[in-house]
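Heads up: the structure comes next, in structure tokens.
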């Protein structure tokens, strides 16, 4: 009965079932316990269904027309075994204003001994903002849940109750959209308990839900709450690009509603107070009286650009069209499309009315100029509207009378005006301004059933909503599709495409067995390429070309503001949303949310002006009682912050401008936004190397002169180092990771302020070297760092050590802390006394004693390490588990990754051995004679055990053939330094991420030998391509190397490196398919079984042999915990 027992334990989330799970599964979520029920999928899977879960408090009484209040945590078990209420609307089921509910469906729940983390799809229902609900009778999970995803369907307030907007503080509007945001927040907090991954959430919306999604892409309230989006059959960009969103409220509609409910209309506040007092039925009963002609216009209450109301967060502060055109939108992969006929199906209603003797054609024909603008939603009663109406009549009906003879033409204009052209325009707009892929489809499969039937057995065509029946069981309208139904092949294709996109952002994967002959590329607006989606999907390029051209002619998009040329634009635009208060040629000025910041000008390698803002404070000085405490974000300032010169570095040996007031960052850009032109460039945050005890983000170490010839914004940061940044006692006295929490504070500063520098906070790439690379792997698993970045580059260091748990201290580093305490004459009796004493010491004491903390000649290289933090009340934990465990169990933030090493890495340390030998101070004899003692210290594995002695002997045999260690085998000594400290740990980490990530991981080995190195055998001879050496081709490292002028032999490598790094920062693809510089190189994502990597030099190429014998030896000696060891002691 093993299978049954495991099933019984694992189905009930993080708590063991309190009742037979075959009846009612029980989940324990952060909000409380929730009991569900079981449904069955089409293919027989059990679906654990939790319906009607409250995500918001009932918006009743004084809360009517107010933003949603998140549901309070509950102590008892919430009963989600049956359907919850729908929001009030005509013909709704179980209606109630207590309708802020959602449904969660999954086929696998986590348990104590098995974690589950599946991608999530949140479905936003259609209904013109006044109909439908997320209930299972409308959108059942039985078809989609044969795929390994978690499905969430949500309700939101509808009609007047959800979208009343008076243009002022009485009812600013968008409450239904704010409900949706509240549901997204609920998902972020609770979905992991249902086996969902909060870091892989796709929004999918139909009609009004699709309209909503386009608004979530531009709303500041929705940012970082989702990661992909599917917009189906409705656009927020209408015929007139601004007409879909009310700019100053819908006062006339509000007054009409007031008159219908006998409410005053003399003031908005009195009107809204009266609305609050009315029974909900009054609103549903009067809905039809709000329309202008027979249920038209289809969109009645519309979303609104909200006025600024003190204390009220605005969902929408500008028109979506403007935001998209200016790049102010949340960039995620998008899938967008329409059906073949869309609202053409309304012609079936005309036909059926004619058959009943109630023809609408004469009324429409005789009043075309009046009714067409109402139905098709463009301006009314103007000479322009009359002209448009006449032109449409001529184009679609050839100026003939409207009658049954032209019902198909009437269907075409309905389909084009309401959905197809607005969607076509929006799709092209997003594809033009998004750096991430936009996929376009047209659904054309004709099934037996439709929302628009000409008669009992004949659909009008492939109409609005019809494609939903192949994703959801729509019990309220259609029969269940059994295995022999002719619709089943379409169900299988649709659910595969939608789930593929939800899982990995790619609707048809390259090796998809079902659709292996279809290559659906991202939309290129000039090509109008789209997927014709039916039983035989194919790529097409003709999307109703004549009809789209006619709508483009009649409703041209507003042209971009004419750009001023030359010096005037420069003077306006350089100063970051504020006109310069001083000559911009000397000191640009930016106004950021934190305050005004004055910078200076540097010059890039190719002569660009770099607007440089250095030493900006992102955290308050961590001094006095704040030493060893989490960072406090820098307070806003009233005066101008002077960022014209270098700021301090964090305390360290040989630092420049050392100070504890070092929580600073530098921002570099070649273009700033201004009032007349927005700029929104991808951002790269660089986390410096230095073993967590040296280096800084200062420009003397990492200057922007090479990278800033590319169109990105560069941020370099400091963080606390050594004991000040990483002291960890394993308890509340010093839980550790302060330097990493500094980094998070810097990321949050970037999210808040970088737009003022022309940076896009929704396109941030972390790039770290050595300790910075180690840090990034921790940010990928830390809950504190989630959603603060979108791609990552890890260069030459891994958080997964030889022993996979050895890089992260599990219970603090108490022995190292005690050593530090003794060096500073502090008591070691208790951790609190020790830390109090260390807090009182001058910063110089820590700097001068650093060398005494090492065990042998500055080894181990990694001294103070990050830590798994204990639980301390009131202290947010950066790291609550070992990274290896988190990655293996899928508990990490999945983003595209680029990871790599140099050819020789720390082999360069052999240069020090050689130079010491030439000076008569050879270290070789000591190493040779004490190998079993020193090897574990240097290469960082367990010490003084039978296993460590065995490993040391095996390494000596493998690398030195058991010969004495001296200058004769210095190359082999270099290899073991290289492999143990960087190359093997990185190789293991790369394979680990590539195995468990659904997003691409790119692997490189840098092998270009230049003239300069951090490790020189003599004045002119580098040891090899060593640790840090590749950085000189990305940054001007003034502290170590000369500036590369145009004739320097390093310039071609600079150009290749900066291109690859900036490509990845811009679009997540290091070598784009049509890259002119590297057009012959196809760098695909890493496949662990193939070991494919980019050999990165002046002639990049793909290789598959990555030090195979050496890597196998390390894998043998340091097997992963799940692999049985072959080492015999």
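Numbering (our numbering), first residue to last: 137 to 1265.
The C-beta atom is built at its ideal place from N, Cα and C for all residues, glycine as well.
Assumed close pair residue i, residue j - CB separation to whole angstroms, cut-off 8 Å
{"i": "residue 793", "j": "residue 753", "result": "Incorrect: roughly 14 Å between the Cβ atoms, too far for contact."}
{"i": "residue 948", "j": "residue 1001", "result": "No, residue 948 and residue 1001 are not in contact; Cβ-Cβ is about 10 Å, not under 8 Å."}
{"i": "residue 874", "j": "residue 909", "result": "The Cβ separation is near 19 Å, so there is no contact."}
{"i": "residue 661", "j": "residue 568", "result": "5 Å"}
{"i": "residue 389", "j": "residue 426", "result": "7 Å"}
{"i": "residue 373", "j": "residue 264", "result": "Not confirmed; about 17 Å, so no contact."}
{"i": "residue 317", "j": "residue 358", "result": "6 Å"}
Own chain partners of residue i with C-beta closer than 8 Å, once the 5 adjacent residues on each side are dropped
{"i": "residue 1189", "result": "1144, 1146, 1169, 1233 and 1234"}
{"i": "residue 193", "result": "199, 204, 205, 206, 207, 208 and 236"}
{"i": "residue 218", "result": "173, 187 and 188"}
{"i": "residue 992", "result": "1070, 1073 and 1074"}
{"i": "residue 1135", "result": "640, 641, 1030, 1031, 1032 and 1033"}
{"i": "residue 671", "result": "581, 625, 626 and 629"}
CB contact flag (residue i, residue j, <9 Å)
{"i": "residue 878", "j": "residue 855", "result": "yes"}
{"i": "residue 786", "j": "residue 740", "result": "no"}
{"i": "residue 1077", "j": "residue 938", "result": "yes"}
{"i": "residue 893", "j": "residue 776", "result": "no"}
{"i": "residue 1151", "j": "residue 1048", "result": "yes"}
{"i": "residue 825", "j": "residue 933", "result": "yes"}
{"i": "residue 818", "j": "residue 574", "result": "no"}
{"i": "residue 1221", "j": "residue 1230", "result": "no"}
{"i": "residue 437", "j": "residue 386", "result": "yes"}
Sequence-distant residues of the same chain with beta carbon closer than 7 Å to residue i, five excluded per side
{"i": "residue 1063", "result": "1070 and 1101"}
{"i": "residue 453", "result": "441 and 442"}
{"i": "residue 1300", "result": "Residue 1300 falls outside the range modelled here, since the chain spans only 137 to 1265, and no answer is possible."}
{"i": "residue 698", "result": "Unreliable positioning characterises residue 698 in this predicted model, as indicated by a pLDDT of 29, which lies under 50. The coordinate reading is nonetheless provided below. Closer than 7 Å at Cβ, skipping near neighbours: no residue."}
{"i": "residue 529", "result": "504 and 535"}
Between the CA atoms of residue j and residue i - distance to the nearest angstrom
{"i": "residue 596", "j": "residue 625", "result": "21 Å"}
{"i": "residue 1246", "j": "residue 916", "result": "28 Å"}
{"i": "residue 274", "j": "residue 174", "result": "17 Å"}
{"i": "residue 1253", "j": "residue 1082", "result": "13 Å"}
{"i": "residue 320", "j": "residue 967", "result": "42 Å"}
{"i": "residue 332", "j": "residue 254", "result": "5 Å"}
{"i": "residue 159", "j": "residue 585", "result": "33 Å"}
{"i": "residue 365", "j": "residue 1012", "result": "31 Å"}
{"i": "residue 78", "j": "residue 636", "result": "Since the first residue shown for the chain is 137 and the last is 1265, residue 78 is missing from the structure and cannot be characterised."}
{"i": "residue 1237", "j": "residue 578", "result": "39 Å"}
{"i": "residue 471", "j": "residue 1153", "result": "55 Å"}
{"i": "residue 940", "j": "residue 1019", "result": "9 Å"}
{"i": "residue 843", "j": "residue 1212", "result": "18 Å"}
{"i": "residue 401", "j": "residue 300", "result": "14 Å"}
{"i": "residue 416", "j": "residue 690", "result": "41 Å"}
{"i": "residue 899", "j": "residue 925", "result": "7 Å"}
{"i": "residue 399", "j": "residue 226", "result": "21 Å"}
{"i": "residue 1266", "j": "residue 378", "result": "Outside the modelled stretch of the chain, which goes from 137 to 1265, sits residue 1266, for which no answer is possible."}
Cβ-based neighbour list, residue i, same chain, cut-off 6 Å, excluding 5 preceding and 5 following
{"i": "residue 795", "result": "784"}
{"i": "residue 213", "result": "169 and 171"}
{"i": "residue 1028", "result": "916, 917 and 1022"}
{"i": "residue 1112", "result": "1095"}
{"i": "residue 638", "result": "255, 257, 285 and 338"}
Closer than 8 Å: residue i CB and nearest the ligand SAH heavy atom
{"i": "residue 1158", "result": "Absence of the ligand SAH from the depicted structure is noted, as is the absence of any ligand whatsoever, leaving it without description."}
Residue environment, residue i, which counts as buried when at least 16 other CB atoms sit within 10 Å
{"i": "residue 252", "result": "buried"}
{"i": "residue 600", "result": "buried"}
{"i": "residue 859", "result": "buried"}
{"i": "residue 382", "result": "buried"}
{"i": "residue 677", "result": "exposed"}
{"i": "residue 773", "result": "exposed"}
{"i": "residue 1279", "result": "Since the first residue shown for the chain is 137 and the last is 1265, residue 1279 is missing from the structure and cannot be characterised."}
{"i": "residue 616", "result": "exposed"}
{"i": "residue 927", "result": "buried"}
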